[in-house]
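Going by numbering that gives the first Met the number 0, the sequence shown opens with residue 0, and the numbers climb by one from there.
A virtual CB, placed ideally from N, CA and C, is assigned to each residue, including glycine.
Encoded as structure tokens, the structure appears first; notes follow it.
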Amino acid sequence: MIIIGLDPGLGTTGWGVVAKQGSRLTHIANGQIRTDTKASLAERLVHLDRELTDVILTHAPDAGAVEEVFVNSNPQSTLKLGQARGICLLALARTGMPVAEYATRLVKKALVGTGAAEKTQIQMMLKVLLPGVKLAGADAADALAVAITHANMMRG
Numbered sequence: 000m001i002i003i004g005l006d007p008g009l010g011t012t013g014w015g016v017v018a019k020q021g022s023r024l025t026h027i028a029n030g031q032i033r034t035d036t037k038a039s040l041a042e043r044l045v046h047l048d049r050e051l052t053d054v055i056l057t058h059a060p061d062a063g064a065v066e067e068v069f070v071n072s073n074p075q076s077t078l079k080l081g082q083a084r085g086i087c088l089l090a091l092a093r094t095g096m097p098v099a100e101y102a103t104r105l106v107k108k109a110l111v112g113t114g115a116a117e118k119t120q121i122q123m124m125l126k127v128l129l130p131g132v133k134l135a136g137a138d139a140a141d142a143l144a145v146a147i148t149h150a151n152m153m154r155g
């Protein structure tokens with residue numbers, strides 16, 4: 000089974016793809032989609048959708064998972080993050096694949112053992128779980144963590 004994880008963001012959305020065979024996980028690919036901060040919101044969302052669709056078509060995942068929105072003190076930032084997250088959910092759901100959502104703290108706890116884990120701890124654990132992985136960046140690492148969390152939460 001191929002699983003894609005997404006870490007949504009308007010500026011940068013991370014994606015990570017893993018294969019699950021029994022209890023074994025294998026890294027397939029990871030990357031980051033960046034949008035132009037000078038473009039309009041609508042143009043940025045269209046760009047995100049196009050790039051995500053390309054990733055999905057390239058890797059043909061069977062299931063997807065998206066990190067839930069982290070609410071911060073700036074309502075405008077939270078709203079933009081929510082819109083990018085909506086594009087992520089739509090891009091996965093339009094293929095008909097099942098889509099799960101995971102809170103950031105749950106992803107951290109699933110990978111590192113504590114919901115308060117730092118990004119560096121997640122990246123170190125990814126290198127243990129996926130030997131030889133080359134991370135495209137912090138957002139790609141977070142997306143791989145979401146994919147692994149989903150892989151471990153699935154039955155079978």
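Neighbour-count burial assignment, Gly-13, 16 or more Cβ in a 10 Å radius: Within a 10 Å sphere around the beta-carbon of Gly-13 sit 16 or more other beta-carbons, which makes this residue buried.
Rounded separation between Thr-11 and Gln-31 - CA only: Rounded to whole angstroms, Thr-11 to Gln-31 spans 6 Å at the Cα level.
At least three beta-carbon pairs within less than 8 Å, the stretch 109 to 118 to the stretch 72 to 82: Short answer: they don't touch.
Can you check which of these residues, Leu-134, Leu-128, Ala-137, is closest to Arg-23 by C-alpha distance? By alpha-carbon distance to Arg-23, the top candidate from Leu-134, Leu-128, Ala-137 is Leu-128.
Suppose the cutoff is 8 Å on Cβ atoms and the five residues either side in sequence are ignored; what does the same chain contact list for Thr-52 look like? Ala-90, listed in sequence order.
Do Val-145 and Glu-66 have their C-beta atoms within less than 7 Å of each other? Yes, Cβ-Cβ distance for Val-145 and Glu-66 is below 7 Å.
So who's on the other strand from Gly-16, going by DSSP bridges? The identity of residue 16 in the sequence shown is Val, whereas the question assumes Gly. Per DSSP, Ile-3, Ala-28.
Unbroken beta strand (DSSP E) runs of length 3 or more, entirely within the stretch 52 to 111: which are they? Under the rule that a run must span 3 or more residues, the beta strand (DSSP E) segments found entirely inside the stretch 52 to 111 read 62 to 66, 98 to 101.
Any idea which residues DSSP pairs Arg-33 with across the strands? For Arg-33, the pairing in a beta bridge is given by DSSP as Thr-11.
Would you call the CB atoms of Thr-57 and Ala-109 closer than 7 Å? For Thr-57 and Ala-109, no; Cβs fall outside 7 Å.
Are the CB atoms of Val-132 and Met-124 nearer to each other than 7 Å? Not in contact: Val-132 and Met-124 (Cβ atoms no closer than 7 Å).
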